[in-house]
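In what follows, a single structure is set out as structure tokens and then discussed.
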Amino acid sequence: MILLLIITIIVVFGCSKILSQDVKTTTDSKLTKENSEGNISQSAVSDSIEVKIATIPESYTTLTEYYFSSNGKNVAYIGGTHEKPFIVKNNIPEKYYGSLLKFSSNGEKFAYIVEGKTGFVVIDGEEGPRYDDVNIYTTRPYFSPNSRDVLYVAKKENNEFLVLNGKEGKRYRVIIDDPIFSPDSLHIAYNADGVIVLDDKEFKISDKIKTSDISSVTKSIFFSPDSKKLAFIKGQQPSKNNAVILLDVVTGQMQEGPKFQYIRLPITFSPDSKRIGYAGMKDRRAVTVQR
């Protein structure tokens, strides 16, 4: 006998593409129709749609976690027994001994971290190199928006560095912020040792940082929707010289905005990437800035 895992999806009808995968559904209403694109249309009101997405073998006594890909087409869950857990992706079981599973955007790849005396990342079932530390509290696997690349932060000999598709990057004392891909997947940016690193170029954002000051350095950087600009804060908060820097990704030219004692995140780009907005505090006054 096979136990069925049933996921109930609450659907607000009128959203034309709420379900995009080709699945068979059952509802508590009479008339439900699936068109060629996989969209659901109906002539009667229904509160929910139940979609069977996976089967769990009877021999599995545990089901601890489950993950969906962002496109909703793939699911993975952790099941099996306490002594022998598996990660099951689309009903195919593999050995599992890690945590923080992450799907790629297209749902075809997945990765997770394995902690221990030496840490490593498993990508599509293949174990990566061992490092002094790869832990779930300071890093996680990151897939590019086009799903072709994967990176994570590793630590070795008291230095931290990015590992991109298995290749190690420059070593820093500490990587402060989570690395991010640009929307077009062509660029990577992150904050390390008081500099913003864009691909292999460094842009200074503060003077030499003491270990005790690391938490006061900005922890967020933002790409514009068109991937041509990068925004970040220069300075250490709070101070009188904080400013938002707008960096041209292609030319490396920087534009500095007005100075504030404190700048509130996030920094937001307009959909056409031509303007940015953020809030700051100056002389005990909170102001908003549009550039």
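Okay, so the sequence shown: first residue is 413 according to my numbering, each after it adds one.
Glycine is no exception: its CB is placed at the ideal position from the N, C-alpha and C atoms.
Computed from a predicted model, the values in this text were never measured in an experiment.
Practice task
Determine which residues share a DSSP beta bridge with T474 and list them.
Solution key: Along the sequence shown, one-based indexing puts residue 474 at 62. DSSP output for T474 lists G492 as bridge partner(s).
Exercise for the section: Please confirm if the stretch 557-567 is in contact with the stretch 537-546, defined as three or more CB-CB distances below 8 Å between the two stretches. Expected result: yes
Handout entry: CB contact below 8 Å: D684 versus chain B
Key = No chain B is part of this structure, which consists of one protein chain only.
Problem - Helix, strand or coil at L598 according to DSSP, with G and I counted as helix - result: As a working note, residue 598 is residue 186 in the sequence shown. Coil, per DSSP.
Exercise for the section: Taking all protein chains shown into account, decide if D536 is buried (16 or more other Cβ within 10 angstroms of its Cβ) or exposed. Expected result: Along the sequence shown, read from residue 1 onward, the residue named residue 536 stands at position 124. Exposed: under 16 other Cβ atoms inside 10 Å.
Practice task
Using three-state DSSP, classify Y584 as helix, strand or coil.
Solution key: Here residue 584 refers to the residue found at position 172 when the sequence shown is read from its first residue. Strand, per DSSP.
Practice task
Using a threshold of 8 Å, state whether the C-beta atoms of G484 and Y472 are closer than that.
Solution key: Residue mapping note: residue 484 aligns to position 72 of the sequence shown, counting from 1. Residue mapping note: residue 472 aligns to position 60 of the sequence shown, counting from 1. No, they are not a contact pair.
Exercise for the section: State the Cα-Cα distance for the pair E614 and T493, rounded to the nearest angstrom. Expected result: Here the question's residue 614 lines up with position 202 in the sequence shown. Here the question's residue 493 lines up with position 81 in the sequence shown. So the two alpha carbons sit approximately 48 Å from each other.
Practice task
Taking R585 and N571 to be in contact with their CB atoms under 8 Å, please state how far apart those CB atoms are, rounded to whole angstroms.
Solution key: Within the sequence shown, residue 585 is the residue found at index 173, counting from 1. Within the sequence shown, residue 571 is the residue found at index 159, counting from 1. Between N571 and R585 the Cβ distance is about 7 Å, and since that is below 8 Å, they are a contact.
Handout entry: Sub-8 Å separation of I645 and V656 beta-carbons
Key = Mapped onto the sequence shown, residue 645 falls at position 233. Mapped onto the sequence shown, residue 656 falls at position 244. Taking 8 Å as the Cβ cut-off, I645 and V656 qualify as a contacting pair.
Handout entry: Contact under 8 Å by Cβ, E501 with N486
Key = Looking up residue 501 in the sequence shown gives position 89. Looking up residue 486 in the sequence shown gives position 74. For clarity, residue 501 is Lys in the given sequence; the question names Glu instead. In contact: K501 and N486 (Cβ atoms closer than 8 Å).
Problem - Residue environment, S682, which counts as buried when at least 16 other CB atoms sit within 10 Å - result: Your numbering for residue 682 matches position 270 in the sequence shown. That one is exposed.
Problem - Inter-residue Cα distance where the pair is V562 and K694 - result: Position 150 of the sequence shown, counted from the start, is the residue given in the question as residue 562. Position 282 of the sequence shown, counted from the start, is the residue given in the question as residue 694. Approximately 40 Å, taken between the alpha carbons.
Handout entry: Alpha-carbon spacing of Q673 relative to G689, whole angstroms
Key = Along the sequence shown, one-based indexing puts residue 673 at 261. Along the sequence shown, one-based indexing puts residue 689 at 277. If I take the Cα positions, the gap works out to 17 Å.
Practice task
Give the DSSP-derived three-state secondary structure of V487 in the structure shown.
Solution key: To locate residue 487, count along the sequence shown from 1; it is residue 75. It is a strand residue.
Practice task
Please say whether I679 and F634 have beta carbons closer to each other than 8 Å?
Solution key: Within the sequence shown, residue 634 is the residue found at index 222, counting from 1. Within the sequence shown, residue 679 is the residue found at index 267, counting from 1. Yes, these two residues count as a Cβ contact at 8 Å.
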